[in-house]
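Asks: Please see the structure below; I have some questions.
Number of protein chains: 2
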Amino acid sequence: MKLAKEMDYHPNLLARGLINKKSKILGVVVPTINRQFWSNSISGIENIAYKDGYNVMIFQSAESFQKEVEIVETLANSRVDGILIAFSKETQSYGHVQQVMDRGIPVLLFERVCDELNTSKVVTDDFLGAKKITQHLISRGKTRIAYLGGPLTLGVCRDRFHGFQSAIKSVGLTMSPDHFLAMEEFTFENAKNGIFQLWNSKNRPDAVFCFADILAIGALDACKELGIRVPEQLALAGFGNDDTSRFVSPSLTTMSQPSFEMGQLAAKLILEEINTGSEQPIFKKEVIQPTLVIREST
Amino acid sequence: MKLAKEMDYHPNLLARGLINKKSKILGVVVPTINRQFWSNSISGIENIAYKDGYNVMIFQSAESFQKEVEIVETLANSRVDGILIAFSKETQSYGHVQQVMDRGIPVLLFERVCDELNTSKVVTDDFLGAKKITQHLISRGKTRIAYLGGPLTLGVCRDRFHGFQSAIKSVGLTMSPDHFLAMEEFTFENAKNGIFQLWNSKNRPDAVFCFADILAIGALDACKELGIRVPEQLALAGFGNDDTSRFVSPSLTTMSQPSFEMGQLAAKLILEEINTGSEQPIFKKEVIQPTLVIREST
DNA sequence: TTGTAGGCGTTATCAT
DNA sequence: ATGATAACGCCTACAA
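So the sequence lines, in the order shown, correspond to chains L and W.
Number 61 in our numbering belongs to position 46 of the first sequence; there are no gaps in the numbering.
Number 209 in our numbering belongs to position 194 of the second sequence; there are no gaps in the numbering.
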C-alpha cells in the first residue's frame, strides 16, 4: 500500500470489472430525478448500496420508452451487477427487461412495476392508500367526490383509482362520469384546467381526489382564481407528500410515501439477490403502506 | 449485425473501455439531487451528453467532503472521460480534484466552484443577482433589510452577500449587525427561527433577503405564525425560483437561475475539452445571469 | 513466500 | 478482404 501510494497507483476499475465479471455498480432507471419521490428513493438506494461497497449509476428515462430501452441495454452492457427500474409512463411491453434478466442480470422493479415480470418488487399500496384518503374525504361529509388522475393504462393510476372507487362504493356513493378526469401529463396547468372544467359544469363536486400532489396544487390555484373556499366548498386531497404540499396554503392533505425507505428496501432486496449468487432466488414483493397526513385542505 | 443479433451478442463496455482508454461516461458530483437546481442541472448535462453518445453517472456528496473525495476517486478509477463537480459545503481544500486533473482527466466546476483550480467553470452571477433583488427591495421603499444566508466561507454565500451589501451601500443604507443571520444548514426550520429572532429584537427589519427559496419559505411561515403581513410589514425575497416559490402564498419574489441551461453549457464545455484531445485546453469561465421574478412577497 | 503465465472481451495492427 | 495476434490492466492459479 505504501509503495502504491508512492508510485501514485490507482486501480483500473474497468480492468478489475472485466476479470471479476462484476462492476460493483447498481444501475437505477427512473422517469425523472426532478421529483422528490424519485430523488428520495435514489438516496435510499445509495444509502444501502454504499455500505456494501456498491456505487449507483442513475439514469432518467424522461418517461420515454425508447430511452428506457436504450438505458437498460447500456446498463447491461456495462455489466452492472443489478438494475433497479421504475417504468416510464409509456412502457407497456417488457421485452427489454426480460432480455437482460435472461442474460443473468438481477433486476428489481419499484413503484412503477408490472405483473408480467418475475422479479422482486417494491411498491406503494396504492389501492389502500387511495381508499384511505377517500374515506377521509367521506368522513368530512363529502359526497360528490371527483377523481383527477392519469390514464388507467398505468398500473399506479389503476390501483389508486380502484382504491378510490372502493371507498366510494362501500358507503353507497357513486361517482358521476363527468367527475372522472384523466390527463396524460401530471402538470400544474392540466390540473388547473381540470378544476375549471369541473366547476363550470352543472354538476359541481364537493371534493377532489388528486392522483399526485402537483395536481392538487394546481387545483388549489384554480380554486384561488375562482374564489372557491377550500375545504368548505371544495376539499382537496393529494398523494405523495412532496415538501411543497406542506408549504402551500391551505396546506395539503395527502398520503405520505416513505420514499427513502422504499429505496433502501429495494437496494437491500437486490443486493441480497446478487450476493446469494446464481441459485434460484426467491422473489419478494414488498407492499409499502403510505400514511395519511391531514392538513388544511380537507 | 445480423449474426450478432442471432447469437445474442452484446458488446462488453468494460472491455471496450479498457482497450480504448475511454468509457464514454461523464461523472457528475452534486451535493444532492433532491433540489430542483441540481436535478435540473443534471438534466441539462444529460441532454447534451446523450447527443454525443455519452452516458452520465450521477453521485451525491450529501454535502460531505469525505464522501466527495471518495466519489471523485471512484470516478477517476472508473476511467470516466470527464468529471463535473459542484462542491459540497464542507469542501475547503481541492487536492482531491487537482489529483485527478494531474491524472489527465478533464474536470469542470459548476455553481459551487473555487478560484484555486485551473478548469472551466459555469457559475451564476451571484453578486449581480443578489444586488438586483436587493435593489428591487429598496425600490419598494424598504430601508432596514436583513440578510438570511449561509456562512461566508462558502463562495456562493460570499458573493451573494457582497452583492447584497453593494446594493445597500450604493444608496447610502447600512445593515445593522444584528440583521445578519448566517446558518450552517439551509432549512425551513432554521429560517423560521431566524425570523423569530429578528422579530423579537428591538430593531425589526422591514425586508429580508434570503439566500435561497427554502429559507424564504420558512420565513414566510414564521410570518404567518407571528401575524406579520407580507410584504407590507416585512417583504421577503428568495433566490433560485424553485417550483415551490410560485405555489406558496403570498408567492415569492426570487431570482431565477437557468439551471437546465447551465447544465447544458457545462456539458458542452467539458465535451469540447474532451474532444479537442490533450492539447493545452483554454479554460472558460461562464457567468450566467439570473433574472428577477417579481411576485407577491415584495 | 515470491514470481510468472494466462485469460477476461475488445480493438488495432500486422500478415496473409 | 480476411485472419491471426498482441495489448489494455487486473486477478487467479500454479510453479518455483
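Backbone N, C-alpha and C fix where the C-beta goes; we use that ideal spot for every residue, glycine too.
1) CB-CB under 6 angstroms to P121 of chain L, same chain, minus the five flanking residues each way: which ones, in chain order?
2) Please confirm whether T202 of chain L and I183 of chain L have their CB atoms less than 8 angstroms apart.
3) Could you check whether the Cβ of T259 of chain W sits closer than 8 angstroms to any Cβ belonging to chain L?
4) For Y24 of chain W, count the other beta carbons within 10 Å of its own beta carbon; 16 or more makes it buried, fewer makes it exposed. Which is it?
5) Kindly give me the distance between the Cβ atoms of L152 of chain W and T313 of chain W, rounded to whole angstroms, as I take these residues to be in contact under 8 angstroms.
6) Evaluate N70 of chain L with the Cβ neighbour count: other Cβ atoms within 10 Å of its Cβ, from every protein chain shown; 16 or more gives buried, anything less gives exposed.
7) Name the chain L residues whose beta carbon is nearer than 8 angstroms to that of H25 of chain W?
8) Could you pull out every unbroken alpha helix (DSSP H) segment of at least 4 residues lying fully inside the segment 103 to 191 of chain W, listed in chain order?
9) Just grab the DSSP bridge partners of K300 of chain W for me.
10) Determine, for N208 of chain W, whether the minimum Cβ-Cβ distance to residues of chain L falls below 8 angstroms.
11) Is N70 of chain W helix, strand or coil by DSSP?
12) Report the option in L:L167, L:L241 and L:T149 whose CA atom is closest to the CA atom of F254 of chain L.
13) I303 of chain L and M277 of chain L - do their beta-carbons sit closer together than 8 angstroms?
14) Between which residues of its own chain and A77 of chain L is the CB-CB distance below 8 angstroms, once the five residues before and five after are set aside?
15) Just the chain W side, please: which residues come within less than 7 angstroms of M72 of chain L by C-beta, in chain order?
16) For the beta strand (DSSP E) containing F201 of chain L, list its first residue and its last residue.
17) What runs of the beta strand (DSSP E), each 3 residues or longer, lie entirely inside the segment 197 to 265 of chain W?
18) Counting only beta-carbon separations shorter than 8 angstroms, does E61 of chain W have a partner in chain L?
19) Hey, could you find the ends of the alpha helix (DSSP H) T89 of chain W is sitting in?
20) Just verifying my parser: in three-state terms, what is the DSSP assignment at L280 of chain L?
21) In or out: M16 of chain W buried (at least 16 other Cβ within 10 Å) or exposed?
22) Can you name, in chain order, every residue of its own chain whose Cβ lies under 7 angstroms from the Cβ of K82 of chain L, other than the five neighbours on each side?
23) Thinking G233 of chain W and N205 of chain W are a contact (beta carbons under 8 angstroms), I'd like their distance in whole angstroms, please.
24) Could you name the residues of chain W that V263 of chain L contacts, counting a contact when the two beta carbons are closer than 9 angstroms?
25) If you draw a straight line from the C-alpha of L146 of chain W to the C-alpha of F176 of chain W, how long is it?
26) Assign S271 of chain W to one of three DSSP states: helix, strand, or coil.
27) According to DSSP, is I309 of chain W part of a helix, a strand, or is it coil?
28) In chain W, which residues lie with their C-beta within 7 angstroms of the C-beta of A30 of chain L?
29) DSSP three-state call for I285 of chain L: helix, strand or coil?
30) Give every residue of the same chain whose Cβ lies closer than 8 angstroms to the Cβ of K299 of chain W, excluding the five residues on either side of it in the sequence, and list them in chain order.
31) List, in chain order, every chain L residue whose beta-carbon is nearer than 9 angstroms to that of S58 of chain W.
32) From Q114 of chain L to S58 of chain L, what distance separates their C-alpha atoms?
33) Taking the alpha helix (DSSP H) that I34 of chain W belongs to, which residues open and close that run?
34) Tell me, which residues are paired with F195 of chain L by DSSP?
35) Name the one or two DSSP bridge partners that Q75 of chain L has.
36) For S54 of chain L, would you say it is in contact with chain W, using Cβ-to-Cβ distances shorter than 8 angstroms as the test?
Replies: According to the structure shown:
1) G97, I285, E288 and I289
2) Not a contact, by the Cβ cut-off of 8 angstroms.
3) yes
4) exposed
5) Going by Cβ atoms, the distance from L152 of chain W to T313 of chain W rounds to 6 angstroms, so yes, they are a contact pair.
6) buried
7) E88, A91, N92 and R118
8) 110 to 117, 141 to 154 and 170 to 185
9) K300 of chain W is bridged to W:K136.
10) no
11) strand
12) L:T149
13) yes
14) P46, T47 and S103
15) M72
16) Per DSSP, F201 of chain L is not a residue of any beta strand (DSSP E), being assigned neither H nor E.
17) 222 to 225 and 250 to 252
18) At a cut-off of 8 angstroms, the C-beta of E61 of chain W has a neighbouring C-beta in chain L.
19) For T89 of chain W, the enclosing alpha helix (DSSP H) begins and ends at F80 to N92.
20) helix
21) exposed
22) S76
23) 7 angstroms
24) T259, F262, V263 and S264
25) Residue identity differs from the one stated: residue 146 of chain W is Lys in this sequence, not Leu. Spanning the two alpha carbons is a distance of roughly 9 angstroms.
26) DSSP places S271 of chain W within a strand segment (E or B) once states are collapsed to three.
27) Here I309 of chain W sits in coil by DSSP.
28) A30 of chain L reaches chain W at L33, counting residues in chain order whose Cβ is nearer than 7 angstroms.
29) helix
30) S135, K136 and L284
31) T47, I48, N49, Q75 and A77
32) Straight-line spacing of the CA atoms in Q114 of chain L and S58 of chain L works out to 27 angstroms.
33) L28 to N35
34) L:Y162
35) L:V45
36) yes
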